[in-house]
Each structure stands twice: as structure tokens, then as C-alpha cells.
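The numbering of the sequence shown is the working numbering, which starts it at 2 and goes up by one.
Idealized CB from N, CA, C, for every residue including glycine.
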Amino acid sequence: MRKLSKFLLAVGFFLTGLPLFASDADLKIPDLHEGSFPLFFNMNAYNLLLYGSMVIIGTLGISLYLRGQIKKLTAHKSMLDVAETIYQTCKTYLIQQGKFLAILFGIIGAAIAFYLVNIEHSGDFSTFTIVVLVLLFTIVGIGGSYSVAWYGIRLNTYANARTAFASLKKRPWDVVNIPLRAGISIGLFLISLELVMMVVILLFVPREIVGYCFLGFAIGESLGASALRIAGGIFTKIADIGSDLMKIIFKVKEDDPRNPGVIADCTGDNAGDSVGPTADAFETYGVTGVALISFITLAIT
């Protein structure tokens with residue numbers, strides 16, 4: 002009887018708090034043209050974000066510049082051929098993941114549309130407009146995670162061959178410098194792309210529906226990251242097991258140059274340790290940014 006009373010008490014507290022539940026869709030962004038920042042030449046928030054976006058674009062340019070530098074580095078033809086084979090295998094994996102994400106978006110999109118159609122909306126925008134915007138920015142979020150993952154595996158396969166070649170030429174500085182530049186390029190690309198998307202929402206979307214756009218954006222990021230992260234780990238295990246089976250069937254020794262594990266391990270590592278973490282980092286950075294905007298909005302409104 003005592004356990005039942007505790008359970009009923011917990012349910013009562015839960016039901017009492019239902020009217021207080023809120024989400025990103027309930028965000029009320031203030032007018033960015035109002036007020037000014039004395040430390041930034043008395044600019045308002047709109048102009049500050051607009052000029053700040055130029056810094057973001059510059060950072061994106063630095064990322065692409067570092068990528069170009071790494072791509073121009075020399076390496077032995079056989080190393081470049083192996084790196085290209087690894088990339089093509091990873092590309093096949095990503096294309097397959099893209100098809101899966103399209104199916105997943107269809108299912109989740111239907112659930113989102115059903116939910117939004119059956120709740121009340123305040124403001125001048127129709128339910129149809131809100132549904133379309135949320136689904137559109139869900140696609141943008143998925144596309145962001147997918148783009149960062151693709152950028153990561155392409156740059157990794159560039160850097161891997163160049164680093165291996167530098168080690169053969171006994172250049173310890175290059176062996177350290179090339180991976181560092183590749184990591185910096187991927188990190189800057191990830192952050193810049195994320196910020197560009199969020200600034201576009203804040204500047205060019207009517208502030209009454211900014212919350213809905215952030216909601217769709219966060220859902221899309223999470224969908225893309227979860228699929229790419231989980232499937233990447235599974236793909237790694239399948240690649241390892243498949244290569245081991247081929248070695249047994251064809252009696253290939255471990256140090257034989259025909260060992261399929263060379264490609265399988267590298268491809269699996271790119272899928273599990275590059276695609277997954279980059280998409281996951283994009284999602285983490287994005288939802289953290291949305292949460293920060295939510296807290297700041299609650300503090301000033």
C-alpha cells in the first residue's frame with residue numbers, strides 16, 4: 002500500500018507539472034534591432050551577428066585552405082592508390098547511409114507533421130508553414146552532419162597517405178604536422194558550418210518561428226549523427242570479420258600484401274573513427290548552441 006501511495010504521489014507531481022513543459026518551439030526571440038552594445042561601437046544584435054558571420058566565413062576559408070595544402074603534398078603513387086581505394090569504399094558506405102537517412106527522415110517527418118498539426122500555434126503563421134519549415138530545417142540538420150562526415154573521410158584519406166610518405170622520408174615534423182593540420186581543418190569546418198546555419202536562422206527567419214526552425218535543426222542533427230555514429234561502429238566490425246574470413250578461405254597470411262584486412266581495417270576505422278565522431282561532434286555542438294540560445298532568451302525575456 003505504501004508503494005502504491007508513493008507511485009500515485011509521483012504521478013500527481015508529474016501531471017501537475019505538465020502545463021510547465023516547454024520546448025525549443027516555445028522560444029520567443031527578442032527583436033535583434035533593439036538595443037545596442039557599447040563595447041562593439043553601439044551596434045545592435047542584428048548587425049553584430051551580420052558582421053560576425055564574416056569572421057565565420059573567413060574561418061571556413063582557412064579550413065578549405067588547409068585542406069588544399071594537404072592535398073598538394075606529394076606521396077608515392079601506390080600510397081595514393083591505396084588511399085583512393087579506401088576513400089571509394091568509405092564513399093560507398095556513406096551513400097548507403099544517405100539512403101537510410103532518407104527513409105528515416107520520411108518516418109520521423111511524418112511523426113513531426115502529425116504532432117505539429119494536432120497542437121495549437123500562436124502567431125500569424127499557418128500550421129502548414131510551420132510544418133514545412135520544421136521539416137526543411139530537419140533536412141538542413143541532417144545535411145550538416147552528413148557533409149561534415151564526408152569532409153572528414155575525404156581529408157583523412159588525403160592526410161593518411163601524405164603522413165605515411167613523410168615517415169618514409171624520415172621527416173618527424175611532417176609526421177606530426179600533417180595530421181594536426183587535417184584535424185584543425187575538420188574542426189574549423191565543423192564549427193563554421195554549424196555557426197553559419199544558426200546565424201542564418203537568427204538573422205533571416207521571422208523571429209516568431211525561430212524556435213520551430215531550431216527544433217527542426219536539432220532533430221535533423223541528432224538523426225544524422227545517431228545513424229552515422231551507430232552504423233559506423235557496426236560497419237567496422239563487419240569489415241574486420243569479413244577480411245578475417247577471406248584470409249581463412251584463401252589461406253592468406255597476415256603479412257601477405259594481398260591481405261584484405263589492409264583495406265578493410267582502414268575503411269572500417271574511417272567509418273567508425275571518423276564519420277561517427279565528426280557527425281557526433283557537429284550534433285553536440287549544435288544542440289549545445291540551441292540550448293545556450295534558449296537559456297539566454299529565457300534570461301532576457
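Looking only at DSSP bridge pairs, what is residue i linked to?
i	result
F38	M44
Taking 7 angstroms as the limit between beta carbons, can you name the residues of its chain near residue i, skipping five residues before and five after?
i	result
I87	T158, I264, C267, T268, N271
D281	A226, R230
A183	I71, L156, N157, A160
M80	A162, A165, F166
F126	E209, I210
S44	The displayed chain sequence assigns Met, not Ser, to residue 44. Once the five neighbours on either side are set aside, the close Cβ partners of M44 are S37, F38.
H304	Shown here, the chain extends from 2 to 302; a query on residue 304 therefore has no answer.
C91	I154, T268, N271, A272
R172	none
With respect to the alpha helix (DSSP H) encompassing residue i, which residues constitute its N-terminal and C-terminal limits?
i	result
P173	173-205
V149	128-169
N271	262-271
T289	277-301
T86	78-118
L229	211-250
Quick one: residues in its chain with C-beta nearer than 6 angstroms to the C-beta of residue i, no 5 flanking neighbours on either side, listed in chain order?
i	result
S168	V176
M217	Residue identity differs from the one stated: residue 217 is Gly in this sequence, not Met. Excluding sequence neighbours, G217 sits near V135, F138, T139.
G1	A query on residue 1 cannot be resolved here, the shown segment of the chain reaching from 2 to 302 and no further.
A114	V132
F22	Residue placement at F22 is flagged as unreliable, the pLDDT there being 48, under the threshold of 50; the coordinate-derived value follows with that caveat. Nothing meets the Cβ criterion.
Less than 8 angstroms between the CB atoms is what I'm expecting for residue i and residue j, so what's the real figure, rounded?
i	j	result
I143	L95	Actually they are not in contact, since the Cβ atoms of I143 and L95 sit about 13 angstroms apart, beyond 8 angstroms.
P261	S275	Not quite, the Cβ-Cβ distance comes to about 20 angstroms (not below 8 angstroms), so this is no contact.
S64	S186	5 angstroms
L105	A228	6 angstroms
I108	H122	In fact, because the Cβ distance is near 23 angstroms, the residues do not count as touching under 8 angstroms.
V200	L50	6 angstroms
G221	V141	6 angstroms
A232	Q89	Not really, about 18 angstroms apart at Cβ, beyond 8 angstroms.
I57	V206	So it is not a contact: roughly 17 angstroms between Cβ atoms.
S223	V288	7 angstroms
L191	Y286	7 angstroms
G153	T279	4 angstroms
So, for residue i: in the same chain, excluding its five sequence neighbours on each side, which residues have a beta-carbon less than 8 angstroms away from its beta-carbon?
i	result
L194	L61, G145, S148, V149, F283
D241	G262, A265, D266, G269
Y47	L33, H34, L204
I202	F138, V211, C214, F215, F218
E85	T158
F41	L49
Output yes if chain B places a C-beta closer than 8 angstroms to the C-beta of residue i; else output no.
i	result
E255	Considering every chain present, this structure includes no chain B. It has just one protein chain.
When you measure from the CB of residue i to every non-hydrogen atom of the ligand FMN, does any distance come out below 7 angstroms?
i	result
L61	Among the ligands in the structure shown, none appear at all, so the ligand FMN cannot be discussed.
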